[in-house]
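See structure below.
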Amino acid sequence: MFSPVVDELISQLTRLPGVGTRTAQRLAFHLLRVPKEDALALADAIRAAKERVGFCRECGNLTEEEVCRVCADPRRDHTVVCVVEQPADVLSLERTHEYRGVYHVLGGALSPLDGVEPEHLRIAALLRRVERDGVAEVVLATNPTMTGEATAGFIAERLRGRTRVTRLASGLPVGSDLEYADEVTLGRALSGRREMA
Amino acid sequence: MALELELPPGLTAIVGANGVGKTNLLDAVHVGTQGSSLRTRREVRGIRFGAKAARVESEGVRAAGPRFRCEVTIESSGAKRTLLDGVPLEGAERLRRELPVLAFTPDRLAVVKGGPLVRRTYLDRSLARILPSRALTPGEYARALAQRNAALRRVRLGLAGRESVEPWTATVAALGAKLDEARIAVASALEEPLARSGERLGLARLAARYEPAAATIAELDRRLAADIERGVTGAGPHLADVAICAEGRELRLYGSQGEQRLAVLALLLAEAEVIRGLRGEPPLLLLDDVLSELDARRRAALIAGIPDGCQALVTATTRAALPSEAPPPALVVDVEPGRAVPR
Ligand SMILES: Nc1ncnc2c1ncn2[C@@H]1O[C@H](COP(=O)(O)OP(=O)(O)OP(=O)(O)O)[C@@H](O)[C@H]1O
Ligand SMILES: [Mg+2]
Ligand SMILES: [Zn+2]
């Protein structure tokens, strides 16, 4: 429509998740308008990341080495594995400074509507890892969404009898008011209540 | 052009000849309190010909709490803005949970006459109003079902193995049981009020019976091959029906037109009573084209049967259609094209 190279840029941008044609056009025109260095800085960043960053052989997290920093750390407890959907979830859990085990990044959650089946996630690798490393506990920390719960259920079923399997509790956000909690969160918090006295 | 109306507690009669705008007025109240039209999904049709937008502002008291103020604006682009007490609401659906409103239009006859889908949808709407904490259950079940059906089709196409259906079988079974439980809770809450309102309108032993239909994991597993073949889940509450019966006979099959209409109205009155009881909040009732089709005794019974505390708007083509045996309306609004005059 504009010129072959611009069309190519737009069509590449459209392939990004969450980017439709309109957004892709806006982004393309923006890139063409900014100073050349700025646009090329983005291209360089993409190239550098793609060339240097890969997935950890053990856990599937992002890493520049063959094995990520968590997996390579001998002080971490390698018998406890926390299963998450995305690399970003690892960052969130690391920020708590509460967790001393290692991770396993699935790369998504089961969703046939989106064409995501068990073989598209790193589930088989998790099962192998549990056998091989004599893992004592698997903490399922997929999102508390329907697809996250289904994924957790699918994995739990496969680990039954092989190791201890726990699920991250879900409840009320800290500092929030009961009055403003939605029914689902409140219901979950109720069913996950714990003994206090 | 704007219209401002103050509606008293109790009954308001909206009176005028055919085509003057009675239904439009009722619909405006519905849009203003529920954020959706009674007439059409295409809400832009409610914008006055030639105008750019439509806005309905409503103010009122709720049983518990201070006055509320609600504002719904529909632009000709289709954009809709909803403010409750000045706070924007993401979806108009939220309003349905906040402000209980029950409406009758002749289309609602489909609840008795139509297929199971209409009755399930109606029951799930009642569920959202009567048990707001479970309002999301029908939608969650539908999403789980869509996932399982997608998995079934992908297996049939050879894109996935059978084990990929398994987590969705478990999810569908769990949410199906939850949905059944909620629907049964609604049906049983309605049971006695429905028998009473039916009796009042001349329908003996009126009942709405819901047969639980959730399939267990084992049952779903047993039909896995058939489900894969068809690409859809062949058992569960998405296929259930509600039998609406008087004297043990299904009104869909045996009821007269008038009886079917009375059954829909009895359901509405029963739900009004349940909502008033459970939420302490008498709902607003919008009744369009009910009086003309009923005999004098039942017209009076309907008006007398509006639960105490409910505000009700009823349309009629003439004042003479208002039943003389029932208490007179608190207000009569005479509708003329483009005008509504309270008297
Ligand atoms: N967007 C619109 N702007 C202006 N007028 C409209 C619009 N949509 C419909 N109308 C007109 O409004 C008129 C009144 O319709 P309405 O259905 O409210 O009448 P009514 O009083 O309920 O009549 P009836 O007794 O036959 O049910 C109709 O003649 C219709 O053509
Ligand atoms: Mg009308
Ligand atoms: Zn790692």
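Top line first, the protein sequences correspond to chains A and B.
For reference, each letter of the first sequence is one residue, going 3 to 199 in my numbering.
For reference, each letter of the second sequence is one residue, going 27 to 369 in my numbering.
Even for Gly, the Cβ is constructed at its ideal location relative to N, Cα and C.
Computed from a predicted model, the values in this text were never measured in an experiment.
Closest by C-alpha distance to VAL127 (chain B), out of B:ALA251, B:LEU64, B:LEU250, B:ALA269, is B:LEU64. With respect to ARG160 (chain B), LEU153 (chain B) sits close: the two C-beta atoms are nearer than 8 Å.
Comparing alpha-carbon positions, the option among A:GLY150, A:CYS73, A:THR65 lying closest to THR81 (chain A) turns out to be A:CYS73. Three or more beta-carbon pairs separated by less than 8 Å link the region 317 to 325 of chain B to the region 345 to 355 of chain B, which places the two stretches in contact. Leaving aside the five residues that flank GLY61 (chain B) on each side, the residues in its chain whose CB is nearer than 6 Å to its CB run, in chain order, VAL98, THR108, ALA118, LEU121. Interface annotation, ALA211 (chain B): not in contact with chain A, CB-CB separation never under 8 Å.
Proximity of PRO263 (chain B) to chain A, defined by a Cβ-Cβ separation below 8 Å, is not satisfied.
According to the DSSP secondary-structure assignment, ILE270 (chain B) is paired through a beta bridge with B:ALA234. Residue burial annotation: ALA244 (chain B) is exposed, with fewer than 16 other C-beta atoms found within 10 angstroms of its C-beta. Taking 8 Å as the CB threshold, THR81 (chain A) stays off the interface with chain B. As summarised for the region 159 to 218 of chain B, the continuous alpha helix (DSSP H) elements at least 4 residues long and confined to that stretch are 163 to 182, given in chain order. No residue range can be given for SER113 (chain A), since it is assigned to no beta strand (DSSP E) and is classified by DSSP as neither H nor E. For SER113 (chain A), the nearest CB of chain B lies under 8 Å from its own CB, placing it at the interface with that chain. PRO349 (chain B) carries a coil assignment under DSSP once its states are collapsed to helix, strand and coil. The Cβ atoms of VAL70 (chain B) and LEU339 (chain B) do not sit closer than 8 Å to each other.
A residue is called buried once 16 or more other Cβ atoms fall within 10 Å of its Cβ, and GLN14 (chain A), having fewer, is exposed. Within the region 34 to 115 of chain B, complete beta strand (DSSP E) segments of at least 3 residues are found at 37 to 41, 79 to 87, 93 to 101, 106 to 110, given in chain order. Contact check for GLY110 (chain A) against VAL104 (chain A) fails: the beta carbons are separated by 8 Å or more.
Contact with chain A is absent for SER63 (chain B), since none of that chain's Cβ atoms lies less than 8 Å from the residue's Cβ. Taking the Cβ of ASN63 (chain A) as the reference point, at least one heavy atom of ligand 3 falls within a distance shorter than 7 Å. Nearest to GLY45 (chain B) by C-alpha distance, out of B:GLU307, B:GLY364, B:VAL359, is B:GLY364. Contiguous alpha helix (DSSP H) elements confined to the region 301 to 337 of chain B occur at 322 to 330, taking only those with 4 or more residues. With 16 or more other CB atoms across the displayed protein chains lying within 10 angstroms of its CB, PHE130 (chain B) is buried. Of all residues in the region 60 to 93 of chain A, none is placed with a Cβ closer than 7 Å to any Cβ belonging to chain B. No Cβ-Cβ contact shorter than 8 Å links GLY104 (chain B) with VAL82 (chain B). In this structure, the CA atom of TYR101 (chain A) is about 15 Å from the CA atom of PRO89 (chain A). Taken in chain order, the members of the region 187 to 201 of chain B whose beta-carbon sits within less than 7 Å of a beta-carbon on chain A are GLU189, SER190, GLU192, PRO193, TRP194, ALA196, THR197. Between GLU207 (chain B) and chain A, the shortest Cβ-Cβ separation is not below 8 Å. Environment of ligand 2, chain-ordered: B:LYS48, B:THR49, B:ASP314, B:ASP315, B:THR341, taking every residue with Cβ within less than 7 Å of a heavy atom. GLU60 (chain A) has its CB nearer than 7 Å to a heavy atom of ligand 3.
One thing to note: GLY331 (chain B) has its Cβ within 8 Å of the Cβ of LEU295 (chain B). Closest in alpha carbon position to GLU60 (chain A), among A:ARG71, A:LYS52, A:ARG54, A:ALA50, is A:ARG71. The beta-bridge partner set that DSSP reports for VAL8 (chain A) is empty. Within chain B, the residues whose beta carbon sits less than 7 Å from that of PHE156 (chain A) are GLU192, PRO193, listed in sequence order.
Contact annotation, VAL361 (chain B) with ILE40 (chain B): C-beta distance approximately 6 Å; criterion of less than 8 Å satisfied. Among the CB atoms of chain A, one or more fall inside 8 Å of the CB of ALA172 (chain B).
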